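In this note's numbering, the protein residues as written are 53 to 287.
C-beta: ideal position from N, C-alpha, C; glycine also.
Quick caveat: nothing in here was measured; it's all calculated off a predicted structure.
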């Protein structure tokens, strides 16, 4: 769930949000980000707030949100993800958004003693480990050609490994994951998909939702596992 949005970069707000997140979770929290520099700096500000409560950070750095949702679910840990989409946004899972907002409004944060400040554990191979687990579980083949709209998110990092493993051709659009320009709109994707002789299309939205376009129908998935289960049965 999205718990923060600002059209401008405000590190003080993100640090306060981190203090609220750490107060609610008060344990280990997985944090990640998209490919923009502003997201990297925003995540740093949020992490300062989180560790000030004594919580521990597992920093997976650059990763697609949909992969991080699956990764954190299997780890049984909450997540906080900083990304840019027409402004700076923070998505959380495994925490109550209303509780976070209540803590923010009251500013009743946990204040850790200097000796109990939280630690940061870096896990830069999270995406590689996630894909390794996916490829170990799924070994089917998909014939045909796909149009993939990465929407300037780190979903571009799924390719070409996914297309090579599942044996389908891929053409990417909106694959500049460091760009602050808005991605080409959905209408451009749909027009190209319908006119280009593709067998199916995938659209990776910034909110961690995947759209599968196949035979004129659109289905939405919030997990790579449920997407691949569907693709195994239907493609």
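Every unbroken alpha helix (DSSP H) inside the stretch 164-214 [4 residues or more]
DSSP runs (the alpha helix (DSSP H)) wholly in the stretch 164-214: 178-189.
Residue 225 versus 79, 132, 189, 254, residue with shortest Cα-Cα distance
254
With DSSP as the reference, label residue 278 as helix, strand or coil.
helix
Residues in the same chain with beta-carbon distance under 8 Å from residue 245, minus the five sequence neighbours each way, listed in chain order, please.
199, 253, 265
Would you call the stretch 113-120 and the stretch 73-81 touching, i.e. three or more CB-CB distances under 8 Å?
no
Is it right to say residue 101 is buried, meaning 16 or more other beta carbons lie within 10 angstroms of its own, or is it exposed?
buried
Closest by CA to residue 164, which one among 249, 72, 174, 157?
72
Distance between residue 184 and residue 213 (C-alpha atoms, nearest Å):
10 Å
Taking only three categories from DSSP, how would you classify residue 154?
helix
Reference residue 262, options 247, 282, 194, 250, closest by Cα
282
Quick check on the DSSP output: what are the complete beta strand (DSSP E) runs of length 3 or more inside the stretch 56-135, in order along the chain?
80-85, 108-114
When burial is assigned at 16 or more other CB atoms within 10 Å of the CB, is residue 210 buried or exposed?
Around the Cβ of residue 210, a 10 Å sphere holds 16 or more other Cβ atoms; the residue is buried.
For residue 173, which of 70, 128, 157, 113 has the nearest alpha-carbon?
Checking every option, the nearest Cα to that of residue 173 belongs to 113.
Between the stretch 132-139 and the stretch 89-97, do three or more beta carbon pairs fall short of 8 Å?
Touching, yes, given that three or more Cβ pairs across the two stretches are closer than 8 Å.
Rank 103, 193, 151, 192 by C-alpha distance to the C-alpha of residue 55 and give the top, closest one.
151
Strictly by DSSP, which residues pair up with residue 225?
201
Answer with buried or exposed for residue 271, where buried requires no fewer than 16 other C-beta atoms within 10 angstroms of its C-beta.
An exposed status is given to residue 271, since fewer than 16 other beta-carbon atoms sit within 10 Å of its beta-carbon.
Residue 97 and residue 130 - do their beta-carbons sit closer together than 8 Å?
no
Suppose the cutoff is 8 Å on Cβ atoms and the five residues either side in sequence are ignored; what does the same chain contact list for residue 168 look like?
106
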